[in-house]
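Residue numbers (UniProt numbering): 1 to 302.
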């Protein structure tokens, strides 16, 4: 494919997820420019063969597709409409693909603002973790206009193993992601409670892990996160503060809908307690450490 025919993609946010996504896009032959607040991250992407930009506006210049891989709604709004933002330079008819987890009402507001200027907005939260991002095997929960999907298709195909098309307007993708986050947060909190309670009982928690992962009480989060506890390794793959944010959004959505979410509320309190104890930037399996410290229970590495 000639250089001029390649879709031009800007990836804003080259963290563990964004860097992998940008790499997947390049591997599929797209023309990719990376942008991040960390100059080192941009330099690393350029050293890998990509292009670099200093601002979102510079990255979006001439882009057909902008993929935003930042943490939350506030950051998304800043890189879109702030000084030096994407909206200053993004061409008419181009698409902004938003991967951040956020309140569906905010996704609808951002989409309305961008679409009013003749650009497209695809609400496209992601799931799968850094390794799947690097392999181009993410799950993407997307919603937006048919035109937004059509314009974003080359990037979506390069980044996702599973693409769910969940509606023709922004907000639906965000709402699906929040249901996933409700379950994910509850499952991490429950797994942390169970493994630490097992330790308090004097059980061999490696054997507990072996038994539970072969039993009905298992969950994907138990299987994925509890090895961090067994190893005493709380290097953040996904930080405690992510679930403080996401379960907080669930509370806001539930309060607006007058819908009770007592189990999610309890999980949020466990993440808040863990963050308050100084572990907010550590791996989210640190909820187990919080239980251990409160109860005087010994866990590996502690």
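Using N, Cα and C, we set each Cβ at its ideal position, and we do this for glycine too.
Give the single residue among 103, 292, 210 and 134 whose Cα lies nearest to the Cα of residue 45. Looking up residue 45 in the chain shown gives position 45. If we check each option's Cα against that of residue 45, 134 comes out closest.
In three-state terms, what does DSSP make of residue 42? One-based indexing of the chain shown puts residue 42 at position 42. Correct three-state label for residue 42: helix.
Thinking C-alpha only, which one of 296, 11 and 62 is nearest residue 76? As a position in the chain shown, residue 76 is number 76, starting the count at 1. Closest option to residue 76, Cα to Cα, is 11.
Alpha carbons only, please: which of 126, 63, 13 and 300 is nearest the one belonging to residue 198? Your numbering for residue 198 matches position 198 in the chain shown. Closest by alpha carbon: 300.
Please give me, in chain order, every unbroken run of the beta strand (DSSP E) with length at least 3 that falls completely inside the stretch 241-286. none
Start-to-end residues for the beta strand (DSSP E) that takes in residue 52: Against the chain shown, residue 52 aligns to sequence position 52. 51-53 is the span of the beta strand (DSSP E), which, as asked, contains residue 52.
Beta-carbon proximity of residue 148 to residue 121, cut-off 8 Å: The residue labelled residue 148 in the question sits at position 148 within the chain shown. The residue labelled residue 121 in the question sits at position 121 within the chain shown. Their beta carbons are under 8 Å apart, which means residue 148 touches residue 121 by this criterion.
Mapping DSSP to helix, strand and coil, what is residue 119? Taking the chain shown and counting its residues from 1, one reaches residue 119 at position 119. The answer is coil: DSSP assigns residue 119 none of H, G, I, E or B.
Per-residue DSSP class, three states only, for residue 2: Numbered from 1 along the chain shown, position 2 holds the residue referred to as residue 2. For residue 2, the pLDDT reaches just 47, beneath the cut-off of 50, and the residue's location in the model is therefore unreliable, although a value from the coordinates is still provided. In the structure shown, residue 2 sits in coil (DSSP, three-state: anything other than H, G, I, E or B).
What is the residue span of the beta strand (DSSP E) that residue 217 lies within? The sequence position of residue 217 within the chain shown is 217, counting from 1. Here residue 217 belongs to no beta strand (DSSP E), and DSSP marks it neither H nor E.
Could you tell me the distance, in whole angstroms, from the CA atom of residue 48 to the CA atom of residue 162? If you number the chain shown from 1, residue 48 lands on position 48. If you number the chain shown from 1, residue 162 lands on position 162. Rounded to the nearest angstrom, the two C-alpha atoms are 26 Å apart.
Measure the Cβ-Cβ separation of residue 37 and residue 65 and say whether it is below 8 Å. If you number the chain shown from 1, residue 37 lands on position 37. If you number the chain shown from 1, residue 65 lands on position 65. Their beta carbons are not under 8 Å apart, which means residue 37 does not touch residue 65 by this criterion.
What residues are listed by DSSP as bridge partners for residue 126? Start at 1 with the first residue of the chain shown, and residue 126 comes out as number 126. Answer is 140, bridged to residue 126.
Would residue 124 and residue 192 qualify as a contact pair, given that the criterion is a beta-carbon distance under 8 Å? Taking the first residue of the chain shown as 1, we reach residue 124 at position 124. Taking the first residue of the chain shown as 1, we reach residue 192 at position 192. No, they are not a contact pair.
At 3 residues or longer, and completely inside the stretch 54-103: list those beta strand (DSSP E) runs for me, N to C. 65-68 and 95-98
DSSP bridge partner residues for residue 8 (one or two, in chain order): The residue labelled residue 8 in the question sits at position 8 within the chain shown. Partner(s): 31.
N-terminal and C-terminal residue of the alpha helix (DSSP H) that residue 148 is part of: Here the question's residue 148 lines up with position 148 in the chain shown. Its alpha helix (DSSP H) spans residues 146-159.
From residue 41 to residue 130, what does the alpha carbon distance come to, in whole angstroms? Start at 1 with the first residue of the chain shown, and residue 41 comes out as number 41. Start at 1 with the first residue of the chain shown, and residue 130 comes out as number 130. Going by the C-alpha atoms only, they are around 15 Å apart.
In angstroms with no decimal places, state the Cα-to-Cα distance between residue 209 and residue 286. In the chain shown, the residue the question calls residue 209 occupies position 209. In the chain shown, the residue the question calls residue 286 occupies position 286. So the two alpha carbons sit approximately 17 Å from each other.
Could you pull out every residue in the same chain whose Cβ sits closer than 6 Å to the Cβ of residue 189, ignoring the five residues on either side in sequence? For the purposes of this step, residue 189 is taken as the residue at position 189 of the chain shown. The residues are 267, 270 and 287.
Please go through the same chain and pick out, in chain order, the residues whose beta-carbon is closer than 7 Å to the beta-carbon of residue 256, but skip the five residues on each side of it. The residue you call residue 256 lines up with position 256 of the chain shown. Closer than 7 Å at Cβ, skipping near neighbours: no residue.
Let me make sure I understand the geometry here. Which of 220, 205 and 160 has the alpha-carbon closest to that of residue 187? The sequence position of residue 187 within the chain shown is 187, counting from 1. Distances from the CA of residue 187 to each of 220, 205 and 160 were compared; the closest alpha carbon is that of 220.
Check whether chain B comes within 8 Å of residue 22, counting only Cβ atoms and requiring the distance to be less than that. No chain B is part of this structure, which consists of one protein chain only.
Sub-8 Å separation of residue 136 and residue 158 beta-carbons: Position 136 of the chain shown, counted from the first residue, corresponds to residue 136. Position 158 of the chain shown, counted from the first residue, corresponds to residue 158. Yes, these two residues count as a Cβ contact at 8 Å.
CB contact flag (residue 105, residue 249, <8 Å): As a position in the chain shown, residue 105 is number 105, starting the count at 1. As a position in the chain shown, residue 249 is number 249, starting the count at 1. Their beta carbons are not under 8 Å apart, which means residue 105 does not touch residue 249 by this criterion.
Provide the residue(s) that pair with residue 165 in DSSP beta bridges, ordered along the chain. If you number the chain shown from 1, residue 165 lands on position 165. BP columns for residue 165 point to 142.
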